[in-house]
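So the sequence shown is numbered by numbering that gives the first Met the number 0: it starts at 0 and just counts up by one.
Since the structure comes first, as structure tokens, the remarks are kept for the end.
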Amino acid sequence: MAADPRPGAALEQVLAAPGRAERLTHVEHVPPRPARHAPWPAWAEPALVEGLRSRGVERPWSHQVAAADLARAGRHVVLATGTASGKSLGYLLPAATAVAEGAGAPSGRGATVLYLSPTKALAQDQLRVLRGLDVPGLRPAAYDGDTPPDEREWVRAHATWVLTNPDMLHRSVLPGHARWSSFLRALRYVVVDEVHGYRGVFGSHVAQVLRRLRRVCARYGADPVVVLASATVADPAASAGRLTGLPVEAVTDDGSPRGGTAFALWEPPLAPHGGEGGAPVRRTTTAEAADLLADLVVAGTRTLAFVRSRRGAEAVAMTARRLLEDVDPSLPGRVAAYRGGYLPEERRALEAALQRGDLLGVATTNALELGLDVSGLDAVLLAGWPGTRASLWQQAGRAGRAGQQALAVLIGREDPLDTYLVHHPEAVFGRPVEATVLDPDNPYVLAPHLCAAAAELPLREEDLPLFGPAAPAVLDALVAGGRLRRRPGGWYWTRRERACDLADLRGTGGPPVRLCEPGTGRMLGTVDAGASHSTVHEGAVYVHQGETWLVRSLDLEDHVALLERAEPDHTTTAREVTDIRVLGTSATVPWGRARLSFGSVEVTHQVVAYLRRRVLTGEVLGEVPLDLPPRHLRTRAVWWTVDEDQLAEAGLAPGDVAGAAHAAEHASIGLLPLVATCDRWDVGGVSTPLHEDTGRATVFVYDGHPGGAGFAERGFAAAQEWLRATRDVIRSCGCEAGCPSCVQSPKCGNGNEPLDKAGAVRLLDVLLAGAAHGAGDQGADEPGRAAQERVAQERVAAGRAAAERAAAERPAAERAAAEQEAVAAQHRAERDAGHRPARARATTEPGSRPAGATEADTSTEPSGRTEQRAS
């Protein structure tokens, strides 16, 4: 059945069922945009132009030529335009032309290109395009974790265009640069695709990998031009400059055509059953997305459903197939899930089916956000806010890629932010996209990369500016700790182990856990180590390729989980408890009698139990205790405190403070993505009526990554906007005593007890009453700027404090990991300044990624990190 071509037909289809119209809260009509073309550059390789014309590209769009001309002129450039705007042509023109011009060199490799993407799927898609071009000297090849050893040797010796990912560059190419010498010597262009995905800790690691690449290239006499491609983001030139350490020019004027889009905001209905404590709950986004996907497939509408987690993607596809069985037995086979964690052959088969158009409906994680060319799509479903406006438009832009009318539907999760957004369309459509947040100077990030750089080539004094202002201080700490050795010629790595193993780019927390079937020994897939406590603990329900499995055991020492096929009537949800202590305060701003602070903390958290929830309804069936070891995290946090007089002013008796602070904590975590490029699974929180370090009622929100990721710092800078929105969401929610749409959290380690919705509003009222002239507005005031300057100064001074202490503490430092030593130095310096560490039990919402766990299925509708599996 073909899709109805009428404008708005897809929206009519999803509204046709009874009760659907009441779920629609807003429809935004995004107008179409005409194309603006430009002539082919005169310098472009004729064979390349002819090949592109034969593929239907008669003329390039204006932004493609603008970026290509800049790159051809030797200027670093970022092309930041919308989805399906043909960004790849912007780097293909100059790079392939250079390869063709270098084909006459004696080696046949007078010019080479290194292409970096965050996912294998995108690299394979680009490889398919390159292999279809008949350009002199163009020999493209993928170099990733799936590349066999014999092929790797050929790639090093003969490929002129190598497609890889930051992980392989970090772990293979740079440590073994001598074997890549002929390729690196001829390197003319480095292409960094999907730049908007390089944010937080992952982006900070990639920034240091790119600096190491530039240094190694210089060793071989190469100075490549860097061309970056990005979705629309705020200030792309600055973001690209932070990532590369280079001056970058931006091309943002999009000349590609775009069909009109009907963008619907959708709130699922209330479920007939109650949630925790009898609170009203809404139908899950998983169930709602599956229903809509099935209806669209029946209508012949090619649809992608973006789901926040691997398990959620499997559940949506599985449920949609089950619904379609009753309509047409031929349709279930045209629906599939696509996610990370599949074996290579499974992934390739799905990608081929997508390209051929065999699949009508696909439930996917954000693996398909990142550039895989799937044309002819009619509709996109977004099962929950994707974390940033950049990702929202990147995902929604998958529909209408051929210029036709399209449908996008954002289905709100039971979450304070999603609830706020589906009822405040101006916050979705009336605001610019966010700036990318990354912090290459994070000592946890910088220290291991300095070790890796010294192992590649001895570090010289003249190299240090490349790695940022904190590099000298961190080097002092690494030398004092015995990680590096200082000699007259520079800094040297002298250990036997591989220095690159010190840095975990994606923050996965160690080697992946293998998922195995005990009877056959068959490996089903893998789960990142940081996610294993919450996703494959004993008793967990795990979904793979539409099949449900029950985890019988988890061996953390051998990194193996044993699973058996099962058909349980429930899902599982991990529960954690958290302690926190203040290690140092970088900045404090008075809000009347209240205080807003930013600094360093140590968080200790432990998965202690899991909930069993009925499939689809989410009804809680019971709680099962677990015995897993605690994990420790040193990171950055923003926190606010109020005194006893303010608590009295808010009408909070001593016994009411815990519930009010706990509710405010949950809601503030949910709303932080409004001002920072994160989602609630990037951060955690703790609240307490009396914290030992502050002596007051305190609410903490911390980055869920070692050393911090910049999210809490952003919350500190925009605290007024963030906390006012938090209060407004709680106040406007129609529930009586609190629900998942306002103050209940799916990952609360205390079972969402106690919670006081009305008390949270009054508590936030007294907090914000003194904030009229404090830090926290966009464009921070003088105290805010002073705080930022102080943070930067602390980073530079951190390692110097370590050097003074390490001489007396050398045996302990010898055992410390390089990155831990650098950050510990900062914490010791702050503590010596007068901050007394103290442990405090409190109500908590743990960050689900203490070690950067991926796709942590720790909620009714599990969510997790960006789908970025690579090597």
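Note that the Cβ used here is the ideal one computed from N, Cα and C, for glycine as well.
In terms of residue numbering, what span does the alpha helix (DSSP H) encompassing residue i cover?
i: Leu291; result: Thr284 to Val297
i: Gln719; result: Ala718 to Ser731
i: Leu409; result: Careful: Leu409 lies outside any alpha helix (DSSP H), inside the beta strand (DSSP E) at Ala405 to Ile410.
i: Trp590; result: Careful: Trp590 lies outside any alpha helix (DSSP H), inside the beta strand (DSSP E) at His569 to Trp590.
i: Cys216; result: Gly199 to Arg218
i: Tyr443; result: Pro442 to Glu455
i: Ala46; result: Pro45 to Ser53
i: Trp639; result: Taken as a continuous stretch (DSSP letters only), Trp639 belongs to no alpha helix (DSSP H), being part of the beta strand (DSSP E) at Arg630 to Val641.
i: His912; result: The structure shown has nothing for residue 912, since the chain only spans 0 to 870.
i: Trp392; result: Arg388 to Ala395
i: Phe182; result: Ser180 to Arg184
What's the gap between the Cα of residue i and the Cα of residue j?
i: Val728; j: Ser596; result: 23 Å
i: Ala312; j: Ile410; result: 14 Å
i: Leu121; j: Ala351; result: 13 Å
i: Val379; j: Tyr197; result: 23 Å
i: Leu445; j: Arg213; result: 16 Å
i: Ala15; j: Gln403; result: 22 Å
i: Pro589; j: Arg178; result: 57 Å
i: Ala289; j: Tyr114; result: 36 Å
i: Cys734; j: Val296; result: 35 Å
i: Arg201; j: Leu376; result: Inspection of the sequence shows that residue 201 is occupied by Phe rather than by Arg. Their Cα atoms are separated by approximately 30 Å.
i: Pro256; j: Glu712; result: 38 Å
i: Gly244; j: Val224; result: 13 Å
i: His901; j: Val641; result: Residue 901 cannot be examined here, being either before or after the span of the chain that is shown, 0 to 870.
i: His36; j: Gly103; result: 32 Å
i: Val280; j: Gly299; result: 32 Å
i: Ala221; j: Pro135; result: 22 Å
i: Asp776; j: Arg19; result: Its pLDDT being 49, under 50, Asp776 is placed unreliably by the model, and the measurement read from it follows with that caveat. Roughly 39 Å separates the two Cα atoms.
i: Leu126; j: Glu516; result: 34 Å
i: Asp149; j: Pro17; result: 59 Å
How is residue i classed by DSSP in three states: helix, strand or coil?
i: Pro279; result: strand
i: Cys747; result: coil
i: Leu380; result: strand
i: Ala335; result: strand
i: Asp554; result: strand
i: Glu546; result: strand
i: His422; result: helix
i: Pro271; result: strand
i: Leu342; result: coil
i: Pro139; result: strand
i: Trp39; result: coil
Between the Cα of residue i and the Cα atoms of the options, which residue gives the shortest distance?
i: Ala106; options: Ala233, Gly332, Ser181 and Asp149; result: The residue you asked about is not Ala; residue 106 is Ser in the sequence shown. The candidate whose alpha carbon is nearest that of Ser106 is Ser181.
i: Ala314; options: Asp294, Val296 and Thr284; result: Thr284
i: Ala79; options: Ala72, Tyr541, Arg611 and Ala65; result: Ala65
i: Thr364; options: Leu754, Ala316 and Ala407; result: Ala316
i: Ala608; options: Gly598, Asp568, Asp626 and Leu620; result: Asp626
i: Ala718; options: Leu437, Leu646, Arg761 and Ala636; result: Ala636
i: Val154; options: Gly199, Thr697 and Val172; result: Val172
i: Thr332; options: Glu496, Gly360, Gly583 and Ser308; result: Inspection of the sequence shows that residue 332 is occupied by Gly rather than by Thr. Checked all of Glu496, Gly360, Gly583 and Ser308; the closest Cα to Gly332 is Gly360.
i: Leu562; options: Gly591, Ser585, Glu601 and Val512; result: Val512
i: Thr587; options: Ala770, Leu353 and Arg54; result: Ala770
Quick check on the DSSP output: the beta strand (DSSP E) that includes residue i runs from which residue to which?
i: Thr260; result: Thr260 to Trp265
i: Glu622; result: Val619 to Pro624
i: Leu566; result: It is Glu, not Leu, that sits at residue 566 in the sequence shown. Looking at the DSSP string, Glu566 is not in any beta strand (DSSP E), and its letter there is neither H nor E.
i: Glu248; result: Glu248 to Val250
i: Arg611; result: Ala593 to Arg613
Go through its chain and collect everything with a Cβ distance to residue i's Cβ below 6 Å, but skip five positions before and after it.
i: Ala293; result: Ala319, Leu322 and Leu323
i: Trp39; result: Val48
i: Arg459; result: Gly489
i: Leu610; result: Thr572, Val619 and Glu622
i: Phe715; result: Phe597 and Val637
i: Gly370; result: Model confidence at Gly370 stands at a pLDDT of 47, short of 50, so the residue's coordinates are unreliable; what they give is reported in the following sentence. Cβ neighbours of Gly370 beyond the five flanking positions: Leu121 and Glu193.
i: Thr111; result: Thr159, Phe182, Ala185 and Leu186
Which same chain residues, not among the five before or five after residue i, have their C-beta less than 7 Å away from its C-beta?
i: Cys450; result: Leu477, Arg482, Leu483, Trp492, Ala498, Leu501 and Ala817
i: Leu168; result: Leu115, Val208 and Leu212
i: Arg22; result: Trp265, Glu266, Pro267 and Pro268
i: Asp462; result: Arg214
Starting from the C-beta of residue i, find all residues in its chain whose C-beta is less than 8 Å away, skip the five residues before and the five after it, and write them out in chain order.
i: Arg71; result: Pro40, Trp42, Leu92, Pro93 and Thr96
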